[in-house]
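Position in the sequence shown (first residue = 1) + 3 = my numbering. We put the CB at the ideal spot given by N, CA and C, even for glycine. Report on the structure given below.
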Amino acid sequence: MAAVHSVRHPRLAVRLALGHKYNAWYLIFAQPYRTADCREISRLDSPGPAIAWSPRPRFWFNQKAASGWERGGESLLDLLLSLDFRDPPLFAVVDHDSGANKVEVLLPENKLAHYCEGCGQWEVAGNNAVRWFMVRAHTLPGYLCPPCHAKDWIGARAIRYLKRIRYRLWGDR
Ligand SMILES: [Zn+2]
């Protein structure tokens with residue numbers, strides 16, 4: 004089975020991965036690091052003009068998204084587009100609109116880090132890491148980790164459904 008793809012920036016000691024939580028895009032640490040209490044580094048998407056369906060997911064890259072590793076004048080998108088040359092690119096910029104960049108995600112769905120809609124944990128990169136179960140096939144599918152999948156009875160499904168609606172309306176609040 005494919006593993007979550009992780010990338011390394013030449014200036015950074017940590018590895019990074021890309022994933023979506025419902026329909027929101029996140030840059031995350033590829034693994035849990037003891038120095039970071041949260042895997043999520045930055046939410047990458049921002050609201051913008053509607054995007055037509057395309058075979059690969061597209062979103063408006065949030066110009067204010069930041070990791071703290073950018074150098075003067077550099078944006079997070081610049082940083083992510085200047086990864087180690089051995090890594091395949093994460094995004095292609097497909098459109099500009101008054102300074103905003105529409106990006107297309109180049110990694111296939113099975114190489115993205117998946118978010119567990121039950122407990123909120125993200126998959127870990129690495130060839131031996133456990134992958135989550137897909138529970139909703141969609142353009143951006145939904146997933147559950149094995150323990151949450153094992154107890155995904157009807158009540159848990161209803162809670163999951165409500166969480167998804169709440170997230171789409173209000174985000175992480
Ligand atoms: Zn879980």
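Per DSSP, which one or two residues make a beta bridge with residue i?
{"i": "Lys24", "result": "Ala27"}
{"i": "Val10", "result": "Leu19"}
{"i": "Trp63", "result": "Lys105"}
{"i": "Asp40", "result": "Bridge partners of Asp40: none, in fact."}
Cβ atoms of residue j and residue i: under 8 Å apart, would you say?
{"i": "Arg46", "j": "Asn65", "result": "yes"}
{"i": "Val106", "j": "Val97", "result": "yes"}
{"i": "Ser78", "j": "Trp63", "result": "no"}
{"i": "His8", "j": "Ala16", "result": "no"}
{"i": "Trp72", "j": "Arg14", "result": "yes"}
{"i": "Glu120", "j": "Arg163", "result": "yes"}
Tell me which same chain residues have a C-beta within less than 7 Å of the C-beta of residue i, skipping the five on either side of it?
{"i": "Asn130", "result": "Ala6"}
Any idea if residue i is buried or exposed, counting beta-carbon neighbours within 10 angstroms, 16 or more meaning buried?
{"i": "Trp28", "result": "buried"}
{"i": "Pro52", "result": "exposed"}
{"i": "Lys184", "result": "Absent from the model: residue 184. The displayed extent of the chain is 4 to 176, so no value can be given."}
{"i": "Trp173", "result": "exposed"}
Here's a check: name, in chain order, each residue in its chain whose Cβ is nearer than 6 Å to the Cβ of residue i, leaving out the five neighbours to either side.
{"i": "Ser70", "result": "Ile44, Ser45, Leu79"}
{"i": "Asn26", "result": "Leu143"}
Contact the segment 113–120 vs the segment 78–87: 3+ CB pairs below 8 Å: no
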